[in-house]
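Residue numbers (full-length UniProt numbering): 1 to 333.
Take a look at the structure:
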């Protein structure tokens with residue numbers, strides 16, 4: 001019995017299944033959660049998805065109405081977590097990634113826990129761990145679960161659509177070096193299941209708001225700083241600047257990749273002042289320019305070598321100066 005068959009057996013034996021994912025929802029956390037939910041339902045079992053917070057507006061075309069949110073309905077999430085006899089931990093490798101409220105519930109739960117994730121250095125809290133750091137996304141691993149447990153025939157458009165979305169967004173539209181031959185094999189199986197990939201691209205890309213574009217234009221024209229000696233670019237946005245352009249969650253998600261598209265750039269760092277802290281997005285190109293170590297050692301973060309996150313409790317100006325001072329240590333001229 002392979003590990004995915006073990007997971008299938010746990011699903012069939014469970015009565016109260018909860019699917020969790022990390023705080024600050026993204027395409028992969030939403031896609032893998034919904035894909036797994038629909039697969040479990042195809043196995044004639046029930047599950048509940050419990051997330052820390054709401055998905056960004058640009059993912060609203062997906063049906064996320066079934067997802068219970070800790071930030072909106074803490075009583076119901078608490079009830080579901082406490083009565084669970086099986087908890088899935090998707091797209092995160094440490095309990096603190098779900099936020100303090102859900103972290104307490106997760107760590108207090110005595111039921112079996114299954115991690116399915118592709119980030120480095122997973123903690124050892126789960127009962128079963130699938131940690132494939134070479135996988136493009138957690139959504140790809142859900143397809144592996146469906147196939148390797150012997151249920152590829154259950155993969156259909158409903159299951160495949162959020163999984164395609166997860167792979168698409170976590171690979172930067174298939175441009176990151178995390179894309180391997182297996183990624184395209186999985187995509188082929190999803191398309192064969194009836195997923196209309198062109199519609200997903202349209203729904204994901206053609207939904208900009210005027211305020212989002214104006215914010216991004218302001219960030220690029222007024223806040224972009226390029227350290228040409230190291231080919232590293234930084235954008236900082238204060239809470240006042242975000243408010244001026246009626247910021248909504250997800251409005252700055254593409255900024256780092258946009259900056260990284262500047263010819264010759266090795267890395268892009270974007271940070272925004274939200275919820276009393278600076279939330280930082282690190283992106284880079286090539287194995288010789290990792291950003292996860294910088295994020296981990298100085299900004300309480302981490303992630304993939306070329307795509308990581310972090311945070312700072314300093315002011316905007318102090319965070320900017322700290323970053324500028326660290327760039328020479330982590331990037332060569």
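Built from N, CA and C at the ideal position, the CB exists for glycine as well. Please read these numbers as outputs of a predicted model, since none were measured by experiment.
*Is it right to say residue 293 is buried, meaning 16 or more other beta carbons lie within 10 angstroms of its own, or is it exposed?*
exposed
*When 164, 200, 199 and 196 are compared against residue 335, the one with the closest alpha-carbon*: This structure cannot speak to residue 335, because the chain is shown only from 1 to 333.
*Taking DSSP as the reference, what is the three-state secondary structure of residue 262?*
coil
_Helix, strand or coil at residue 215 according to DSSP, with G and I counted as helix_ = helix
*asked:* Less than 8 Å between the C-beta atoms of residue 278 and residue 271, yes or no?
replied: yes
*According to the neighbour-count rule (16 or more other Cβ atoms, all chains shown, within 10 Å of its Cβ), is residue 81 buried or exposed?*
buried
*Determine contact between the stretch 290–308 and the stretch 194–212, defined as no fewer than three beta-carbon pairs at a distance below 8 Å.*
no
*asked:* So, with DSSP's three-state summary, where would you put residue 1?
replied: coil
_Within the stretch 252–312, ranges of the beta strand (DSSP E) (whole runs, at least 3 residues)_ = 267–274, 277–284 and 307–312
*Have a look at the DSSP bridge pairing and note the partners of residue 112.*
86
*What separation, rounded to the nearest whole angstrom, lies between the Cα atoms of residue 86 and residue 244?*
44 Å
*residue 287 versus residue 119: straight-line alpha-carbon distance, rounded*: 16 Å
_Residue range of the unbroken beta strand (DSSP E) whose run includes residue 135_ = It is not in any beta strand (DSSP E) - residue 135 carries neither H nor E in the DSSP assignment.
*Using three-state DSSP, classify residue 94 as helix, strand or coil.*
coil
*Please go through the stretch 184–214 and give each complete beta strand (DSSP E) segment of 3 or more residues, from N-terminal end onward.*
none
*In three-state DSSP terms, what is residue 319?*
helix
*Cα-Cα separation, residue 178 to residue 256*: 18 Å
_Nearest candidate by alpha-carbon position, reference residue 160, set 114, 99 and 36_ = 36
*Could you tell me if residue 213 is buried or exposed, where buried requires 16 or more neighbouring beta carbons within 10 angstroms of its beta carbon?*
exposed
*Would DSSP call residue 129 helix, strand or coil?*
strand
*For chain B, is any of its Cβ atoms less than 8 Å away from the one on residue 227?*
Given the protein chain composition of this structure (a single chain), no chain B is represented.
*Between the stretch 105–115 and the stretch 138–157, do at least 3 Cβ pairs fall closer than 8 Å?*
no
*Would you mind sorting residue 262 into buried or exposed? The rule is 16 or more other CB atoms within 10 Å of its CB.*
exposed
_Reduced DSSP category for residue 20 - H, G, I as helix; E, B as strand; rest coil_ = strand
*Between residue 43 and residue 319, what straight-line distance do the alpha-carbon atoms span, to the nearest angstrom?*
49 Å
_Using CA atoms only, rank isn't needed, just tell me which of 328, 217, 122 and 273 is closest to residue 267._
328
*asked:* Please list the terminal residues of the continuous alpha helix (DSSP H) segment that includes residue 66.
replied: Taken as a continuous stretch (DSSP letters only), residue 66 belongs to no alpha helix (DSSP H), as it is neither H nor E.
*Any idea what DSSP makes of residue 243, helix, strand or coil?*
helix
*asked:* Whole angstroms are fine: how far does the CA of residue 190 sit from the CA of residue 70?
replied: 31 Å
_I'd like the span of the alpha helix (DSSP H) that includes residue 32, first residue to last._
27–42
_Assuming the contact rule is C-beta atoms closer than 8 Å, residue 59 and residue 27 should be a hit. Round their C-beta distance to whole Å, please._
6 Å
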